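Residue numbers (the numbering used here), protein chains in the order written: chain V, 1 to 442; chain S, 1001 to 1116.
A virtual CB, placed ideally from N, CA and C, is assigned to each residue, including glycine.
Quick caveat, the model's predicted, so the values are computed rather than measured.
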Amino acid sequence: MKSKRKILLTLSLLLGAGGIISANAQPDVDTGATAWMLTSTALVLLMVPGLAMFYGGLVRSKNVLGTMMHSFAAMGVMSVLWVAVSYSMCFGENVLGGWFGWNSDYLFLKGIDNSIIDGGVPEYVFSMFQGKFAIITPALIAGAFAERVKFRGYLIFIAAWGLLVYNPLCHWVWAEDGFLFNMGADGAIDFAGGTVVHISAGVSGLVAAIYLGARRGYPQRQMKPNNLVMTMMGAGLLWVGWFGFNAGSSISSGLATAQALTATQVAAAAGAITWIIIEGVHQGKMTALGFASGILSGLVAVTPAAGVVQPIGAMALGAIATVICYYMLIVKDKLGYDDSLDAFGIHGVGGIVGAVALTFFIRDSWMAEAAEKAGGVWTIWQQLGVQVAAVGIAIAYAVVLTIILLIVIEKLFGLKTSPEEEMQGLDHTFHGERGYGMLNPN
Amino acid sequence: MKLITAIIRSYQLDQVRESLIAAGITRITVSRVSGHGAQLQEEVYRGKKVIPGLIPKMRVEIAVNEEFVDTTVNAIMDAARSESEVEGEIGDGKIFITNLEECIRIRTGERGGSAI
């Protein structure tokens, strides 16, 4: 996600697009890059139903529709918000001391009707691609407080969280004038959203899980997944969709795209294998859910790093993150908080590990470029400081804002279900439907 | 020995189970069934109200010795009866009690009341 318009004019000249300059100084549409970005946009959207299936299979059957609706509702709510104000808040110019961005041209995207960003991609495509990230992030949080939130409260929560937590973080990390984008020699490295998406969703989920309390009967009563087949299909869709998520984040179709795509594939594979090996040694059986969890922790860890690491580094990140995520799930059981579907255990922890540990696997050419920008020397320890600072800021901001939102929404609208609602299940209580009704002889 | 068979609303299962466990009754068999009594259940599908022919229910079966019959029945009734506006509504279900001739624990071959 590099600079968009800074060198717009120069680029047009380099491309020799004389006719375009005289019109409105925009680059030509690069059909190759645009085609890949359109594909990526669709792939990232595919992750949301993938997540719905992944989460939906893990809950009890009385909550399957309600849980899937947490993901689907985000597609509705966040898309509308994105077009209305969020794109402006994320990619407008600094306001309020850089808290978030603002550009009234971006409201309802009305000012980008004819705009083409440098790289030759229509701004609509860039905006829609970024919008998909704003959809999936709050949907990830839902895994932490699955099976125990009111639907109306949830809708209000994701809308408020998107506006006040996601948009500022996105602006800081990815907008040209965001302060994390400009930290250190060449910015805090967050290629495709380790900090913005996974860490922010993970720690917010943890806070929400602790604030709302555990599900009824947890942890004494077993809460078994209702359909692991659906969970496996969801994990598969997430892996496929992640190519859009990571390789699309180069906002181009070229060498950087290929590097990110390769890193994504091998990190997921290394994570999955690592998980089942640990599990096989520790528990004696290699489970399907373990494999899926390993895929996810590998993918999460490589998300911030996909643009700067080589395959060996990506595999190392996937494996390291998986070991730590596996350990964190044991810690969760010891501490007793109910992060139901491990939104923090996988996304939060994997994101933190990826964003910090990537420092040790950065390819030399990136470091050389950073050293040039810093005026001679830039060591991995300096970059490590930048990474840790960015992660720490994201965690602190997400935790504080999420606590405030939870308290306000719980007081004003109600977020936690009543005991009766929870026992009857989200599907019956909030949707009046049954997930598996068609299995009845009717 | 009696066999208590309760047909309850499917979404009341958790409440009934908690109530039974609180009353000390932990050994139960549960199955999903479909059926029709006096209840006409309206459901909304894509904005249209429909009345399905057979309604999904849960069947809870519990084998008990005589002295536990009342405890069990009361526990089920407390938890399965709707309490929205009025006490009890059509569709809350039924409880059947039948005599149980014999009970055998497969593992040991025990028979009768001690095998329950």
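Nearest-angstrom Cα separation, counted from residue j out to residue i
i, j, result
"V/Phe145", "V/Ala74", "15 Å"
"V/Ile117", "V/Ser200", "28 Å"
"V/Gly162", "V/Thr264", "26 Å"
"S/Val1060", "V/Val64", "22 Å"
"V/Gly205", "V/Leu401", "12 Å"
"S/Thr1117", "S/Asp1070", "It is not possible to answer for residue 1117 of chain S, since the shown part of chain S is limited to 1001 through 1116."
"V/Val300", "V/Gly32", "27 Å"
"V/Pro225", "V/Leu341", "10 Å"
"V/Ser3", "V/Leu335", "Confidence in V/Ser3 is poor, its pLDDT being 47 and thus under 50, which makes the residue's placement unreliable; the coordinate value appears in the next sentence. Computed Cα separation, rounded: 44 Å."
"V/Ile136", "V/Ser71", "7 Å"
"V/Ser61", "V/Ala188", "42 Å"
"S/Glu1022", "V/Met423", "Reading off the sequence shown, one finds Ala at residue 1022 of chain S, where the question assumed Glu. For S/Ala1022 and V/Met423, the distance between alpha carbons rounds to 15 Å."
"V/Thr417", "V/Phe179", "39 Å"
"V/Ala398", "V/Pro168", "10 Å"
"V/Ile295", "V/Ser250", "22 Å"
"V/Leu155", "V/Gly414", "11 Å"
"S/Gly1035", "S/Arg1107", "34 Å"
"V/Gly387", "V/Thr359", "It is Gln, not Gly, that sits at residue 387 of chain V in the sequence shown. Going from the Cα of V/Gln387 to the Cα of V/Thr359 covers about 8 Å."
"S/Met1077", "V/Leu405", "40 Å"
"V/Cys90", "V/Ser79", "14 Å"
"V/Gly318", "V/Ala267", "5 Å"
"S/Ile1008", "S/Ile1055", "11 Å"
"V/Asp364", "V/Ala370", "10 Å"
"V/Gln383", "V/Glu372", "14 Å"
"S/Gly1091", "V/Pro219", "32 Å"
"V/Pro207", "V/Gly298", "A quick correction: the sequence has Val, not Pro, at residue 207 of chain V. Approximately 23 Å, taken between the alpha carbons."
"V/Asn489", "V/Thr67", "Because chain V in this structure spans residues 1 to 442, residue 489 of chain V falls outside the shown range and cannot be described."
"V/Met367", "V/Ala357", "15 Å"
"V/Ser253", "V/Leu43", "15 Å"
"V/Gly271", "S/Ala1080", "46 Å"
"V/Leu109", "V/Pro138", "22 Å"
"V/Val121", "S/Ser1010", "53 Å"
"V/Glu147", "V/Asp338", "11 Å"
"V/Thr322", "S/Lys1049", "48 Å"
"V/Val331", "V/Ile403", "23 Å"
Contact set between residue i and chain S, taken where Cβ atoms lie within less than 8 Å
i, result
"V/Arg434", "Ser1010, Pro1056"
"V/Asp424", "It is worth fixing the name first, because residue 424 of chain V is Gln in this sequence and not Asp. Ordered by position in chain S, the residues that pass the 8 Å Cβ test against V/Gln424 are Tyr1011, Gln1012, Asp1014, Gln1015."
Local conformation of residue i per DSSP, three classes
i, result
"V/Leu13", "Note on V/Leu13: pLDDT 40, under 50, position unreliable in the model; no value is reported."
"V/Ala23", "Since pLDDT at V/Ala23 reaches only 49, below the 50 mark, its modelled position is unreliable, and no value is offered."
"V/Met367", "helix"
"V/Asn63", "helix"
"V/Gly217", "coil"
"S/Leu1003", "strand"
"V/Asn103", "coil"
"V/Thr274", "helix"
"V/Phe72", "helix"
"S/Ile1104", "strand"
"V/Phe245", "helix"
"S/Arg1111", "strand"
"S/Glu1119", "Since the first residue shown for chain S is 1001 and the last is 1116, residue 1119 of chain S is missing from the structure and cannot be characterised."
"V/Asn94", "strand"
"V/Ile295", "helix"
Proximal chain V residues relative to residue i, where beta-carbon distance stays under 7 Å
i, result
"S/Val1044", "Gly432"
Listed by chain order, chain S residues near residue i by CB distance under 7 Å
i, result
"V/His428", "Tyr1011"
"V/Lys224", "By Cβ distance, chain S contributes nothing, its closest Cβ being about 14 Å from V/Lys224, past 7 Å."
"V/Lys62", "Tyr1011"
CB contact below 8 Å: residue i versus chain C
i, result
"V/Thr429", "No chain C appears in the structure shown, which is made up of the protein chains V and S."
Quiz prompt | Validate contact between the region 221-235 of chain V and the region 41-58 of chain V using beta carbons, cut 8 Å, 3 pairs | solution = yes
Quiz item: Which runs of the beta strand (DSSP E), 3 residues or longer, sit entirely within the region 113-164 of chain V?
Solution: none
Quiz prompt | Cβ pair count under 8 Å reaching 3, the region 191-200 of chain V against the region 302-313 of chain V | solution = yes
Quiz item: Okay, do the region 383-400 of chain V and the region 338-356 of chain V touch, 3+ Cβ pairs below 8 Å being the bar?
Solution: yes
Practice problem: State whether the region 118-132 of chain V contacts the region 34-48 of chain V, with contact taken as three or more CB pairs (one from each stretch) at a distance under 8 Å. | Solution: yes
Quiz item: What are the uninterrupted segments assigned as alpha helix (DSSP H) that are 4 or more residues long and contained completely in the region 1031-1094 of chain S, given in chain order?
Solution: As far as the region 1031-1094 of chain S is concerned, its whole alpha helix (DSSP H) runs of at least 4 residues are 1069-1080.
Quiz item: Counting Cβ pairs, one atom from each stretch, are 3 or more of them under 8 Å apart for the region 103-117 of chain V and the region 307-327 of chain V?
Solution: no
Practice problem: Could you name each continuous alpha helix (DSSP H) segment of 4 residues or more that falls completely within the region 360-424 of chain V, going from the start of the chain to the end? | Solution: For the region 360-424 of chain V, the full-length alpha helix (DSSP H) segments reaching 4 residues or more read 364-374, 380-412, 419-424 along the chain.
Exercise. Can you check the region 302-335 of chain V for any alpha helix (DSSP H) of at least 4 residues that lies completely inside it and give the ranges in chain order?
Key: 311-335
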